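Take a look at the structure set out below.
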Amino acid sequence: LNVIQQNLESGLALFEDKSFDTVILSQTLQTIHQTERILSEIARVGKECVVSFPNFGHWSHRLAVLQGRMPISKSLPYQWYDTPNIHLCTLADFECFCHERNYRIVERLVLHAGKPIKLLPNMRGSLAIFRISLIA
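Structure representation (structure tokens):
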């Protein structure tokens, strides 16, 4: 397996359009500064993209906010003051983002404790995994 490590915030200019079948952005979306630009770049260099992120809409996160606290959980394990997470989103947020920017959601998988969640996924799922591509 060949791996190239570089700073995503600098972009992916060294790669040509559609030079990869699949580009994976695993639990990184919430930590990057230029979210829209980086998603555009991975969609440019990959025929498809797999994007995963912790779902801020999980019921335990909502409950913590209702109680006046920032959530801490297995998927969001940091205190508010030392978190690398700067953009928290829900399944619904990401789906809206994709729709507004012409990304096609090829597949969506929502998990909690490693198990697929079908019923009320935005409320019960702690991890979202999307397979997306640009609408041609």
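Following the numbering used here, the numbering of the sequence shown begins with 575 at its first residue and continues without gaps. Don't be surprised by glycine CBs; every beta carbon is placed ideally from N, CA and C. Bear in mind that the values here come from a model prediction, so they are computed numbers and not experimental data.
Residue range of the unbroken beta strand (DSSP E) whose run includes Cys670: Here Cys670 belongs to no beta strand (DSSP E); instead the alpha helix (DSSP H) covers 665–674.
Proximity below 7 Å, CB of Lys621 to CB of Lys648: Between Lys621 and Lys648, the C-beta spacing is not below 7 Å.
Residues that DSSP places opposite Leu708 in a beta bridge: BP columns for Leu708 point to Tyr677.
According to DSSP, residues forming a beta bridge with Ser600: Answer is Ser626.
Ser584 versus Gln608, Ile691, Pro645, Leu575, residue with shortest Cα-Cα distance: Taking Ser584 as reference, the option from Gln608, Ile691, Pro645, Leu575 with the minimal CA-CA separation is Gln608.
Touching by the beta-carbon criterion (3+ pairs, under 8 Å), the stretch 663–670 and the stretch 629–636: Under the 8 Å Cβ criterion, the stretch 663–670 counts as touching the stretch 629–636, having at least three qualifying pairs.
Through-space distance from Glu681 to Ile691, alpha-carbon basis: Rounded to the nearest angstrom, the two C-alpha atoms are 14 Å apart.
Continuous alpha helix (DSSP H) stretch holding His661: start and end: If you look at His661, you'll find it isn't in any alpha helix (DSSP H); DSSP assigns it neither H nor E.
Close beta carbons around Ile612, own chain, < 6 Å, minus the five adjacent residues each side: Correct list, in chain order: Leu582, Ile606.
Anticipated Cβ contact below 8 Å, Leu603 with Val625, distance rounded: Yes, they are in contact, since the Cβ atoms of Leu603 and Val625 sit about 6 Å apart, within 8 Å.
Coarse secondary structure for Ile703, derived from DSSP in three states: If DSSP states are grouped into helix, strand and coil, Ile703 belongs with the strands.
Residue range of the alpha helix (DSSP H) that includes Thr609: Taken as a continuous stretch (DSSP letters only), the alpha helix (DSSP H) holding Thr609 covers 609–619.
Those residues which DSSP pairs with His686 across a bridge: Beta-bridge pairing links His686 to Lys689.
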